[in-house]
Structures are given as structure tokens and as C-alpha cells.
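S.K.: For reference, the structure I am asking about is given below.
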Amino acid sequence: MHTKNFAILSILAVVIVSGCTGTTSTSGVEFSQIAGVVINDFSLDTDALFENELTTLNIQVQNVGAKAMTTSSQLWIYGPVMDGSTPQVWAVTAGSTSKTLDTVSFSPPDVARKIPGSLVVETLDLTAPSLGLAPGMSNPYTFYARVCYPYSTTTFSNINEISKNEIRISNPPTSDAITRATAGPIQMKLLSGDTVLSGKKLTLVFEVSNVGGGFTTLPAGDCTAMNPDINQKDTDKLRVMVTVDGQTTSCDGSKDVNIRQAKNVVCTYTPAAGTNPTTSHTVIATATYNYLITKEAYITVKSEQ
Numbered sequence: 004m005h006t007k008n009f010a011i012l013s014i015l016a017v018v019i020v021s022g023c024t025g026t027t028s029t030s031g032v033e034f035s036q037i038a039g040v041v042i043n044d045f046s047l048d049t050d051a052l053f054e055n056e057l058t059t060l061n062i063q064v065q066n067v068g069a070k071a072m073t074t075s076s077q078l079w080i081y082g083p084v085m086d087g088s089t090p091q092v093w094a095v096t097a098g099s100t101s102k103t104l105d106t107v108s109f110s111p112p113d114v115a116r117k118i119p120g121s122l123v124v125e126t127l128d129l130t131a132p133s134l135g136l137a138p139g140m141s142n143p144y145t146f147y148a149r150v151c152y153p154y155s156t157t158t159f160s161n162i163n164e165i166s167k168n169e170i171r172i173s174n175p176p177t178s179d180a181i182t183r184a185t186a187g188p189i190q191m192k193l194l195s196g197d198t199v200l201s202g203k204k205l206t207l208v209f210e211v212s213n214v215g216g217g218f219t220t221l222p223a224g225d226c227t228a229m230n231p232d233i234n235q236k237d238t239d240k241l242r243v244m245v246t247v248d249g250q251t252t253s254c255d256g257s258k259d260v261n262i263r264q265a266k267n268v269v270c271t272y273t274p275a276a277g278t279n280p281t282t283s284h285t286v287i288a289t290a291t292y293n294y295l296i297t298k299e300a301y302i303t304v305k306s307e308q
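Numbering (the numbering used here), first residue to last: 4 to 308.
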């Protein structure tokens, strides 16, 4: 097999958003609050062809999130047998079914300047199998593209530490903490209230949600060293780090979370003793993970008669 050169359009863009409401397109520039990388095209140049006929599979992978990527990603194409070992299977004439994507400095879109996110374009040239189909018969096939990309999501929240004296004097109101989040397929929200009593250990409860339509694995494994068949026990896992004013909490970055079993992450932190009636703390939580997405393409092989 020969690996075709692929194009990478590297464009600078920085976008930070709150919430996770979906994908928008402005002036042709796509931005998603629930994704980092997307497979925005995975298609064949025809939906039906004859036996032994040539076709091209087109793949486009694009950064539509809110941050630049700094390491490589991995693309796999699978489904039918494509080794050309016999006339009855598909043959790859150009391209590769397994490809490391250079997503280093893979920039996000800049919607305000109408600059799309960085893009990788791949093609795979295929020859349809010779099946010996009877006249009028056909055989359908489904191809799959799976991409693994490294990513992280960060949330920012403020909580107020209030002394007993201040509570007695002013009786300040309390409400849910407001969480501001970077875009991404994994979202975290601080469920704790925005007010805590001074001198007490902080218990920070985060809700973790998978909103991207794919699945995660721990970032300890490099995407480029993986294969597309992921063991279920290794999925839906990520790593969480939480700091308060830059100080490490019990979630120190080594905490692995299985979001299939428990969607809440609990972290604790004891602030230093102070003499102020009110102290505002900034809570920063970061989830780090590999994210895998999959897309399908369909084609039918028809008899030559």
C-alpha cells in the first residue's frame, strides 16, 4: 500500500465558551461546544458500483472545538476485508487504512474572523471485489472511520468562604455555583453551592457528562499506539485534576474516574486559616482523556451484467 500525502490547514483561533448546547455554523465556519475534533466527511464517491470497479473513500477530520491540539491523533478505516488477498475482497490501491494524523498545532476555528479550524484530508482508493454475482444481484458494504484524539476540558467556578461572624451579621444568600467551561465532548459542572463556612474542609462535587457522542479512554495510552478495537473495560475513563487558588486538592491529577459507573467526582480541600469575613476562592477542574469518534459510509457492489 502507498500512503498518500494529506493536507493540513493550520489556522490560529481561540474560543472559550460556557455550557454545552451543540454545534453552530457561522459564515461556513463550524464551531461545536460539545466536540474537539469531528469527522465532517466520510463518504465514497458513489453509492453503488460494479464488481472490480474503482472508487475513492474521502475522509476529512477537522478541529471544531475551542482549543488547539498539541499531539498526534489516529485514524482507522475498517469494515470489509481490504487486503486484496483474494479477488473476493476489497483491494487498497492507494492510501492506508491506519494513519497517524499530524494534529500538532491543530488550531480551533475563529468564528469572529471567519477562519475555520485546522483540517486533515485523506483519501483511500479501493477496487471492489469480484464476487461472481448473478445478474441483478448486489451486495451491500459498510465502511467505518474511527478517530482517536487527545483532549482536555477545563471548568472554572468561584466559591465564597464566609466566617460565622459574617453569617450572623449579614446572612448572605447562597445559590448554586456558576461553572464556566471550555468546549469539549466531556463536560464538568460543580454541583456544590457557592458559599461555604470558614474553617471547614471543602467538599467539591462535580458532575461529569459525556456529550460528544463517542467514548473516552485514559490519557495514559497514546492514540497512535492503540488499535480501533477497544476493550470495554478501558472505555469511559478519564483523569481529573482540581485546584483551589492553584493549590492541589485530593483530586491531584492521578485520580481516574469511570464515568460509566459514577458520574460524580468528589474532591476535598482544606483552605488555610484566615481572618477575613469573606474569602473568594477560584476552583479549576480539568478532565484529561483520549476521545474516540466513529462514522459510517455505505456502498453497494452490483453484478457486472
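Ideal placement from N, C-alpha and C gives every residue a C-beta, glycine not left out.
Among Asn43, Phe34, Gln65 and Pro83, whose alpha-carbon lies nearest the alpha-carbon of Ala115?
M.R.: It is Phe34 whose Cα lies nearest to the Cα of Ala115.
S.K.: Would you mind reading off the limits of the alpha helix (DSSP H) that contains Asn66?
M.R.: Looking at the DSSP string, Asn66 is not in any alpha helix (DSSP H); the run it does join, the beta strand (DSSP E), is Leu57 to Asn66.
S.K.: Using only the alpha-carbon positions, how far apart do Gly187 and Val67 sit?
M.R.: Computed Cα separation, rounded: 10 Å.
S.K.: Which residues in the same chain as Trp79 place their Cβ atom closer than 6 Å to its Cβ, once the five residues preceding and following it in sequence are excluded?
M.R.: Contacts found: Ser101, Arg149 and Pro231.
S.K.: Please confirm if the segment 188-196 is in contact with the segment 110-125, defined as three or more CB-CB distances below 8 Å between the two stretches.
M.R.: No contact exists between the segment 188-196 and the segment 110-125.
S.K.: Using a Cβ-Cβ cut-off of 6 Å (strictly less than) and excluding sequence neighbours within five positions of Ser155, which residues of its own chain qualify?
M.R.: Taken in chain order, the residues that qualify are Thr289 and Thr291.
S.K.: Nearest to Val199 by CA position, among Val40, Gln36, Asp105 and Lys167, is which residue?
M.R.: Nearest C-alpha to Val199: Lys167.
S.K.: Report the start-end ranges of each beta strand (DSSP E) in the segment 130-202 that is 3 residues or longer and not cut off at the edges.
M.R.: Listed in chain order, they are 141-165, 182-184, 189-193 and 198-200.
S.K.: Could you give the first and the last residue of the continuous beta strand (DSSP E) run that contains Gly256?
M.R.: Its beta strand (DSSP E) spans residues Gln250 to Asn261.
S.K.: Pull up the CB-CB distance for Ala275 and Gly202, whole angstroms please, since I reckon it's below 8 Å.
M.R.: About 10 Å; that fails the 8 Å criterion.
S.K.: Per DSSP, which residues does Val211 bridge with? Please list them.
M.R.: In the DSSP output, where bridge partners are listed per residue, Val211 has Met191.
S.K.: Buried or exposed, going by whether 16 or more other CB atoms sit within 10 Å of the CB of Arg242?
M.R.: By the 10 Å Cβ count, Arg242 comes out buried.
S.K.: Do the segment 293-300 and the segment 217-227 make contact, defined as three or more Cβ pairs closer than 8 Å?
M.R.: With the cut-off at 8 Å, the segment 293-300 and the segment 217-227 touch.
S.K.: With DSSP as the reference, label Asp86 as helix, strand or coil.
M.R.: Asp86 falls in the strand class under three-state DSSP.
S.K.: Under the three-state reduction of DSSP, which class applies to Asn8: helix, strand or coil?
M.R.: Low per-residue confidence applies at Asn8: pLDDT is 36, beneath 50, and the placement is therefore not dependable enough to give any value.
S.K.: Give the range of the beta strand (DSSP E) segment to which Gln77 is assigned.
M.R.: Start and end: Ser76 to Tyr81.
S.K.: Does the separation of the CB atoms of Val269 and Val208 fall below 7 Å?
M.R.: Contact flag set, yes.
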